[in-house]
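S.K.: Each residue of the sequence shown is one higher than the one before, starting from 45 at the first, in the numbering used here. For glycine and all other residues, C-beta sits at the position ideal for the given N, C-alpha and C.
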Amino acid sequence: MGCLTTSIPSGLESESALNGDKFANLVRLPAPSRGAAAPPEQEFVNGQEDAFIAVSPAMQEIRHQVLQIANIDIPVLLLGETGTGKEVVARLIHRSSCRAHRTFMKVNCAALPAELLESELFGHEAGAFTGASRSKPGKFEICHKGTILLDEIAEMPISPQAKLLHVLQDGELSRLGSPSTTKVDVRILAATNVDVPTAIAGRKFRQDLYYRLNAFPIYLPPLREHREDIPALLNHFMVYWAKRFGRAELALSPALGFLGNGNGNPSHIYAKPDSGGVILSDLKSHVRSLKKEAERKAILRALELTNGSRKEAAKILNISLRALQYKIRDCGIDERGRKEPAIVVIED
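Put into structure tokens, the structure is as follows:
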């Protein structure tokens with residue numbers, strides 16, 4: 045089954061772009077085909093660098109949005125702070141789409157000056173500029189039938205923006221130095237941590253290009269807004285780095301304590317090992333402490349809901365009264381349902 049292709053309905057290009065349920069009402073999502081890519085629910089792969097972790101309602105909603113849009117060939121604009129996982133979501137969209145077995149490429153739009161970025165994206169002919177001794181295809185041609193992620197799109201120089209708009213509108217491009225056009229079929233995803241309307245107001249970004257790219261926006265919240273994912277993220281990256289280091293176990297360094305307050309994003313967890321943030325130690329004790337902290341919070345919440353009744357709290361938690369009493373002692377919770385002073389891994 046091919047991807048469902050569609051175009052933005054007439055009159056909506058000059059308005060706020062479509063999103064979520066609005067878009068779902070305009071198109072009918074195709075049913076999954078035999079042999080299609082694994083759905084996002086199967087993305088919980090321990091040790092896979094770009095696995096998508098979704099424990100919190102916020103991240104589960106993003107997973108739902110990915111399912112909505114994966115096989116619909118319209119652009120997706122990924123918004124959020126640095127390190128919130130925009131590339132991870134872009135790769136998830138690609139893996140969940142009918143283009144999953146084709147090329148995925150990422151291009152950093154802020155890394156090159158205008159002429160070099162044009163050459164990188166759209167290719168060039170021999171003699172197109174100084175040093176261009178031979179013809180070279182750009183990333184769009186190389187990525188034909190695949191997916192391209194234009195990272196830091198709001199930092200793209202103005203001159204390549206017109207060519208990108210042409211690709212979005214007509215599915216064709218011209219190499220630098222060439223009078224002819226080439227047809228390309230590429231799914232375009234874009235990502236930015238910049239407020240694009242502000243860039244438009246400052247005449248740094250084309251408004252018509254923004255409307256095209258913003259056909260389906262997905263906002264990725266910072267980690268401080270979905271702390272429920274911290275234990276799963278920590279565990280995931282510990283397994284990943286253990287494999288990278290060729291070790292059976294890794295443990296968290298106190299250097300990662302800032303994550304307890306949500307002062308960081310998933311990429312900060314990923315980056316810490318290279319700077320000494322992860323040390324070789326006893327992984328099991330750290331995982332146990334994370335689990336105990338989660339249990340403590342659940343018990344406190346149940347006791348709060350039942351006005352301190354252990355019997356009723358046990359029913360809510362679906363455990364025996366005896367098991368609850370043991371866990372209350374183990375977690376150091378007093379008779380009023382409050383935690384005795386202790387060091388905790390994750391703070392509220």
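What are the boundary residues of the beta strand (DSSP E) that includes Phe148?
M.R.: Numbered from its first residue, the sequence shown carries residue 148 at position 104. Phe148 -> beta strand (DSSP E) spans Phe148 to Asn152.
S.K.: Using the DSSP secondary-structure output, state which residues sit across from His270 in a beta bridge.
M.R.: Taking the first residue of the sequence shown as position 1, residue 270 is located at position 226. In the DSSP output, where bridge partners are listed per residue, His270 has none listed.
S.K.: What is the residue span of the beta strand (DSSP E) that Asp195 lies within?
M.R.: Numbered from 1 along the sequence shown, position 151 holds the residue referred to as residue 195. Start and end: Thr191 to Asp195.
S.K.: Report buried or exposed for Thr225, applying the criterion of at least 16 other Cβ atoms within 10 angstroms of its Cβ.
M.R.: Along the sequence shown, one-based indexing puts residue 225 at 181. It counts as exposed.
S.K.: Considering just the uninterrupted stretch of the beta strand (DSSP E) at Pro261, what are its terminal residues?
M.R.: As a first step, residue 261 must be located in the sequence shown, where it is residue number 217. From DSSP, the beta strand (DSSP E) with Pro261 extends over Pro261 to Tyr263.
S.K.: Can you give the Cα-Cα distance for Ser393 and Leu208, rounded to whole angstroms?
M.R.: What is shown of the chain runs 45 to 392, which leaves residue 393 out entirely.
S.K.: Taking 7 angstroms as the limit between beta carbons, can you name the residues of its chain near Ala154, skipping five residues before and five after?
M.R.: Stepping through the sequence shown from its first residue, residue 154 is reached at position 110. Within the same chain, Ala154 has close Cβ partners Glu196 and Glu199.
S.K.: Using CA coordinates, which residue listed in Glu159, Ile232 and Val228 is at the minimum distance from Leu193?
M.R.: Numbered from 1 along the sequence shown, position 149 holds the residue referred to as residue 193. Taking only the C-alpha atoms, the option nearest Leu193 is Ile232.
S.K.: Between the C-alpha atoms of Asn90 and Lys336, what's the straight-line distance to the nearest angstrom?
M.R.: Residue numbering aside, residue 90 sits at position 46 when the sequence shown is read from its first letter. Residue numbering aside, residue 336 sits at position 292 when the sequence shown is read from its first letter. Confidence in Asn90 is poor, its pLDDT being 42 and thus under 50, which makes the residue's placement unreliable; the coordinate value appears in the next sentence. Approximately 21 angstroms between the Cα atoms of the pair.
S.K.: Among Ile372, Ala114, Lys371 and Lys130, whose alpha-carbon lies nearest the alpha-carbon of Met103?
M.R.: Position 59 of the sequence shown holds residue 103. Of the candidates Ile372, Ala114, Lys371 and Lys130, the one whose C-alpha sits nearest the C-alpha of Met103 is Lys130.
S.K.: Please report how far the alpha carbon of Ser222 lies from the alpha carbon of Gly182, in whole angstroms.
M.R.: Here residue 222 corresponds to residue number 178 of the sequence shown, with the count starting at 1. Here residue 182 corresponds to residue number 138 of the sequence shown, with the count starting at 1. Taking the straight line from one Cα to the other gives about 13 angstroms.
S.K.: Quick one: is Ile202 buried, meaning 16 or more other Cβ sit within 10 Å of its Cβ, or exposed?
M.R.: Along the sequence shown, one-based indexing puts residue 202 at 158. So Ile202 counts as exposed.
S.K.: Have a look at Leu361 and Gly127 and give me their C-alpha separation to the nearest angstrom.
M.R.: By one-based count along the sequence shown, residue 361 stands at place 317. By one-based count along the sequence shown, residue 127 stands at place 83. Going from the Cα of Leu361 to the Cα of Gly127 covers about 35 angstroms.
S.K.: Is there a Cβ of chain C sitting closer than 8 angstroms to that of Ile262, yes or no?
M.R.: In the structure shown, chain C does not exist; there is a single protein chain.
S.K.: What would DSSP say about Lys248, mapped onto helix, strand or coil?
M.R.: On the sequence shown, position 204 is the one that residue 248 refers to. Here Lys248 sits in coil by DSSP.
S.K.: Since Phe184 contacts Val228 with CB under 8 angstroms, what's their CB separation in whole angstroms?
M.R.: Taking the sequence shown and counting its residues from 1, the one referred to as residue 184 is at position 140. Taking the sequence shown and counting its residues from 1, the one referred to as residue 228 is at position 184. Between Val228 and Phe184 the Cβ distance is about 5 angstroms, and since that is below 8 angstroms, they are a contact.
S.K.: Are Pro261 and Leu123 closer than 8 angstroms when you measure CB to CB?
M.R.: As a working note, residue 261 is residue 217 in the sequence shown. As a working note, residue 123 is residue 79 in the sequence shown. A contact, by the Cβ cut-off of 8 angstroms.
S.K.: Compute the Euclidean distance between the alpha carbons of Val71 and Arg219, then round it to the nearest angstrom.
M.R.: If you number the sequence shown from 1, residue 71 lands on position 27. If you number the sequence shown from 1, residue 219 lands on position 175. For Val71, the predicted structure reports a pLDDT of 36, less than 50, and the residue's modelled location is therefore unreliable. A value from the coordinates is still provided. Their Cα atoms are separated by approximately 34 angstroms.
S.K.: In whole angstroms, what separates the C-alpha of Leu277 from that of Ile97?
M.R.: In the sequence shown, counting from the first residue as 1, residue 277 sits at position 233. In the sequence shown, counting from the first residue as 1, residue 97 sits at position 53. Using only the alpha carbons, I get a separation of about 7 angstroms.
S.K.: With 16 other CB atoms within 10 Å as the buried threshold, where does Glu33 fall?
M.R.: An answer regarding residue 33 cannot be provided, because it is not within the stretch 45 to 392 covered by the chain.
S.K.: Rounded to whole angstroms, what is the Cα-Cα separation between Leu21 and His280?
M.R.: No answer is possible for residue 21: the residues shown for the chain start at 45 and end at 392.
S.K.: In terms of residue numbering, what span does the alpha helix (DSSP H) encompassing Ile106 cover?
M.R.: Your numbering for residue 106 matches position 62 in the sequence shown. Where Ile106 is concerned, the enclosing alpha helix (DSSP H) stretches over Pro101 to Ile113.
S.K.: Under a three-way DSSP split, which group does Ile402 fall into?
M.R.: Outside the shown range of the chain (45 to 392) lies residue 402, about which nothing can therefore be said.
S.K.: Alpha carbon to alpha carbon, what distance is there between His210 and Arg271?
M.R.: Against the sequence shown, residue 271 aligns to sequence position 227. Against the sequence shown, residue 210 aligns to sequence position 166. Each residue's alpha carbon lies about 41 angstroms from the other.
S.K.: Taking the C-alpha atoms as reference points, what is the distance between Ala234 and Val120?
M.R.: Looking up residue 234 in the sequence shown gives position 190. Looking up residue 120 in the sequence shown gives position 76. Whole-angstrom Cα-Cα distance: 6 angstroms.
S.K.: If you follow the beta strand (DSSP E) that Ala234 is in, where does it begin and where does it stop?
M.R.: To locate residue 234, count along the sequence shown from 1; it is residue 190. Counting along the chain, the beta strand (DSSP E) containing Ala234 begins and ends at Arg231 to Thr236.
S.K.: To the nearest angstrom, report how far apart Leu365 and Pro266 are at their CA atoms.
M.R.: For this step, residue 365 is matched to residue 321 along the sequence shown. For this step, residue 266 is matched to residue 222 along the sequence shown. When rounded, the distance between both Cα atoms is 38 angstroms.
S.K.: Go through its chain and collect everything with a Cβ distance to Glu356's Cβ below 7 angstroms, but skip five positions before and after it.
M.R.: Against the sequence shown, residue 356 aligns to sequence position 312. Counting only Cβ-Cβ distances below 7 angstroms, and skipping sequence neighbours, we find Thr350.
S.K.: Is the distance from the Cβ of Gly167 to the Cβ of Lys150 below 8 angstroms?
M.R.: Residue 167 sits at position 123 when you count from the first residue of the sequence shown. Residue 150 sits at position 106 when you count from the first residue of the sequence shown. It is not a contact, given that the beta carbons lie outside the stated cut-off.
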